[in-house]
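Heads up: the sequence shown at position 124 corresponds to 1228 in this note's numbering, and the numbers run straight through without jumps. Following: one structure in structure tokens, then a few remarks.
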Amino acid sequence: MKKKICVIILFFLLVVIDCSLLQQIQKRAAFYIAFEQQEFFQKLRNQEVSLETVLKFRKYESEEGEAQEDMTFTRYLLAYYASDLTEKNELKDVYKRLLHFHKEEIEKQEAYLDSIWSDIVYFPVPDTIWDEEKKVTFGDTWMQSRTYGGDRGHEGCDIMADINERGNYPVISVCDGTIEQMGWLELGGYRIGIRSPHGAYFYYAHLSDYAEGLSIGDEVHAGELIAFMGDTGYSKTEGTVGNFDVHLHFGIYLNDENKREFSVNSYSILQYLYQEKKILHYQY
């Protein structure tokens, strides 16, 4: 009788183990089959990741240290986009499988992420030590509907000023880089575009005016004053103001392998940078 009971228990254990293995196999098989290049690319553009997850991955990265094996923040992020998992060991496993089955694509996507996350340092609107009332708010406005100039998606996130006065809020560069564009655009008003060392293009629009002495080709440093928030734009006539409230349109663009430009959702980047706000100690 005891022997019979043991056999039954053993049988059920084997069934449970088999089911568990089967689930793992199915899970991994689904992962291999479900990987779609365009869908993955869209996740990268969307940058849909919470601040808590970003900070968690940053913690993982710092724990690894430079001497440890092949996991950086951007690799954790890629594995997260592919799997929606958040635990360190699970992400390592996902990344290894991504690299094994989709090496070329993953290395390309990793380079895209590195070009953004490797260079960012500061939130683009700093606090000012002499005026603590100057607050800003922002939300995920990327790809929201816009109609000026035709139906289109909003290629950036708007940082709104609590005090609706142009020229009242300083704007700083989020990274080191080179000024590629300055001047008037119909949609963006007075804008400035800065190319970071790893290749991302950071776009600041609707400015009231620029910091003194800046011109195209100049090198700027992270935290350097570049402009002031305004309400310029939505007109072919240079200098037009008042078509909307004072705010900063902050956009991020990358170039694909064919040199075609595409926008990236800056919301999670701004959430992270908001924890790294610079305080300006000089008055302008």
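Even glycine gets a Cβ: it sits at the ideal position worked out from N, Cα and C.
Do you know how far the Cα of V1345 is from the Cα of D1335?
D1335 and V1345: Cα-Cα distance of roughly 5 Å.
Hey, quick one: how far does the alpha helix (DSSP H) through I1267 stretch, first residue to last?
Unbroken run through I1267: none, as it is neither H nor E.
N-terminal and C-terminal residue of the beta strand (DSSP E) that V1368 is part of
For V1368, the enclosing beta strand (DSSP E) stretches over residues 1365-1368.
Own chain residues within Cβ distance below 6 Å of N1369, not counting five before or after
Annotation for N1369: N1150, Q1151, W1246 place their beta carbon closer than 6 Å to its own, counting only its chain and skipping 5 residues before and after.
Kindly identify the DSSP beta-bridge partner or partners of W1288.
Beta-bridge pairing links W1288 to Y1294.
Spatial neighbours of I1137 within its chain, please: CB distance less than 6 Å, with the 5 preceding and 5 following residues excluded, ordered by chain position.
Because I1137 sits at a pLDDT of 42, beneath the cut-off of 50, its placement in the model cannot be relied upon, and the point is left open.
As a quick exercise: from H1310, K1196, A1186, pick the residue whose alpha carbon is nearest that of Y1338.
When each option's Cα is compared against that of Y1338, the closest is H1310.
Burial state of P1301 (16 or more Cβ within 10 Å)
Here P1301 is exposed. Its C-beta has fewer than 16 other C-beta atoms within 10 Å.
Any idea if A1134 is buried or exposed, counting beta-carbon neighbours within 10 angstroms, 16 or more meaning buried?
In this prediction, A1134 has a pLDDT of 46, which is less than 50 and means its spatial position is unreliable; what the coordinates show is noted afterwards. Classification of A1134: exposed, given that the 10 Å Cβ count is below 16.
Count the other C-beta atoms from every protein chain shown that fall within 10 angstroms of the C-beta of G1287, then say buried if there are 16 or more, exposed otherwise.
Around the Cβ of G1287, a 10 Å sphere holds fewer than 16 other Cβ atoms; the residue is exposed.
Please state whether the Cβ-Cβ distance between A1329 and F1242 is less than 8 Å.
For the sequence presented, residue 1329 should be read as Leu rather than Ala. Contact: no.
Mapping the DSSP letters down to three states, classify D1218 as helix, strand or coil.
If DSSP states are grouped into helix, strand and coil, D1218 belongs with the helices.
Option nearest A1326 by Cα separation, candidates Y1164, T1190, D1255, P1228:
Checking every option, the nearest Cα to that of A1326 belongs to P1228.
Hey, quick one: how far does the beta strand (DSSP E) through D1313 stretch, first residue to last?
Annotation: the continuous beta strand (DSSP E) that includes D1313 extends over 1305-1314.
Hey, quick one: how far does the alpha helix (DSSP H) through L1377 stretch, first residue to last?
1371-1378 is the span of the alpha helix (DSSP H), which, as asked, contains L1377.
Between F1332, W1221, N1347, which lies nearest to A1304 when the distance is taken from Cα to Cα?
Nearest Cα to A1304 within the set F1332, W1221, N1347: W1221.
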